[in-house]
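Down below is the structure, laid out as structure tokens.
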């Protein structure tokens, strides 16, 4: 899938004329720990699978070099986009490239500068990724063990569900006219890391948005049915704590987790004003090299099995109206998604129906912003920093119903490469989270050899 000439020309024009923007200064990560990104990768450099070992060794070596060379050097928006295009278009493999190929491309082309690599290296020690947050109980909320008799039972202890929610110190708890927004992560990357370089900064662009996020244990690699429990509980908990309804923004598998929560915990629907799904895989993914069993069994996990095309989990999620929205829903997706395919046309995995007339808008970047920079190469993770993504999110949060492109100034938005709030470092940091995904896949235990069984409440 190649980048079309009209889009390349428009993008080049924007890159030449745009200011040289960088993201916020990065704190230095503590690389003294033996439980960091470099150590995880180095520990798998001599594994049984040659290809996995080579990739892990190359990534570990590059991060080690970055720790010894903290100077990020010169970098430009034009260079970064050229490398992203090259990584997407180039592969020496005859079959479909996978996550390891893209991660290797990030390293071999030096897309991620040393300061950001060093920062990502310490991700396991970041408090923003903690699953042990000290959040207060809400004794009169009546949200556990169930909010309503129609809700599915929780299998996770309430203390664990509550501790997984990260609430920033400046959270307003529904005061000052702010709206709580829950960020739900995707597969293999903790929520804090996922959103640090992108939607974690949403409040700077939309002051009414007050973000929290859910750090689902083991980076959402275990049973997605269990992951959904964290989403269902977070919706009720933040709504009760803030005395107001909430909005949910998801990325990748987070869309499935949220839709599952809305389906099987129906009491959550009254608490959700908007559901905005970025790069969701509501039908799973047909890219067999991304999901089991095409991946080496070394990195197979329960939720990877579940996200194959039309698995039992996907079929169950979509059955009995699960392929339609339960609340006003906005989906945003890109043809150039390297993880979820297909993501264009009538079979796009991101599409949701609207059988309940809740209000749904399905937004394909390359259709809405055809042949313009914002409709260019935006990957699975790149959609998180796409300017149309941000415009639709803000539109949905500030209007009744889903995001609506007819209310947007598309002439201006589609000529941008990223929203004004973000800078070059945010692009590079967002792309760099794929390295964390590789590490989490290698780190996950126990490995899975088949799809988990469907829970009794959904069977």
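Residue numbers (mature numbering (1 follows the signal peptide of the UniProt record, and there is no 0)): -23 to -1, 1 to 436. Backbone N, C-alpha and C fix where the C-beta goes; we use that ideal spot for every residue, glycine too.
- A residue is called buried when at least 16 other Cβ atoms come within 10 angstroms of its Cβ; residue 117 does not meet this threshold and is exposed.
- In the displayed model, residue 408 falls within a helix according to three-state DSSP.
- For the pair residue 191 and residue 209, the CB atoms are not nearer than the 8 Å cut-off.
- The alpha-carbon of residue 359 is positioned some 7 Å away from that of residue 404.
- Listed in chain order, the alpha helix (DSSP H) elements of length 4 or more contained wholly in the region 154 to 219 are 168 to 173, 179 to 182 and 201 to 219.
- Between residue 255 and residue 361, the C-beta gap is smaller than 8 Å, which places the two residues in contact.
- Taking a contact as a CB-CB distance under 8 Å, the pair residue 105 and residue 180 does not count as one, their CB atoms being some 15 Å apart.
- Between the region 149 to 169 and the region 114 to 134 there are fewer than three inter-stretch CB-CB distances shorter than 8 Å, so the stretches are not counted as touching.
- In this structure, the beta-carbon distance from residue 366 to residue 317 does not fall below 8 Å.
- In this structure, 342 is the residue among 285, 342, 398 and 80 with its C-alpha nearest to the C-alpha of residue 313.
- Exposure of residue 426 is indicated by the presence of fewer than 16 other C-beta atoms within 10 angstroms of its C-beta.
- The distance from the Cβ of residue 402 to that of residue 93 is about 7 Å, consistent with a contact at the 8 Å cut-off.
- Comparing alpha-carbon positions, the option among 243, 310 and 279 lying closest to residue 302 turns out to be 243.
- Non-local C-beta neighbours of residue 82 in its own chain, meaning closer than 6 Å and more than five positions away in sequence, comprise 64, ordered along the chain.
- Judged by their CB atoms, residue 200 and residue 429 are nearer to each other than the 8 Å cut-off.
- DSSP places residue 228 within a strand segment (E or B) once states are collapsed to three.
- For residue 309, the enclosing beta strand (DSSP E) stretches over residues 306 to 310.
- Cβ atoms of residue 249 and residue 304 come within 8 Å of each other, at about 5 Å.
- In the structure shown, residue 22 falls within a coil segment according to DSSP collapsed to helix, strand and coil.
- For residue 250, the enclosing beta strand (DSSP E) covers residues 249 to 255.
- When rounded, the separation of the alpha-carbon atoms in residue 58 and residue 396 is 15 Å.
- Per the coordinates, the alpha-carbon of residue 55 lies some 10 Å from the alpha-carbon of residue 61.
- The secondary-structure analysis by DSSP pairs residue 301 across a beta bridge with 330.
- Contact check for residue 293 against residue 418 fails: the beta carbons are separated by 8 Å or more.
- With respect to residue 412, residue 138 sits apart: the two C-beta atoms are not nearer than 8 Å.
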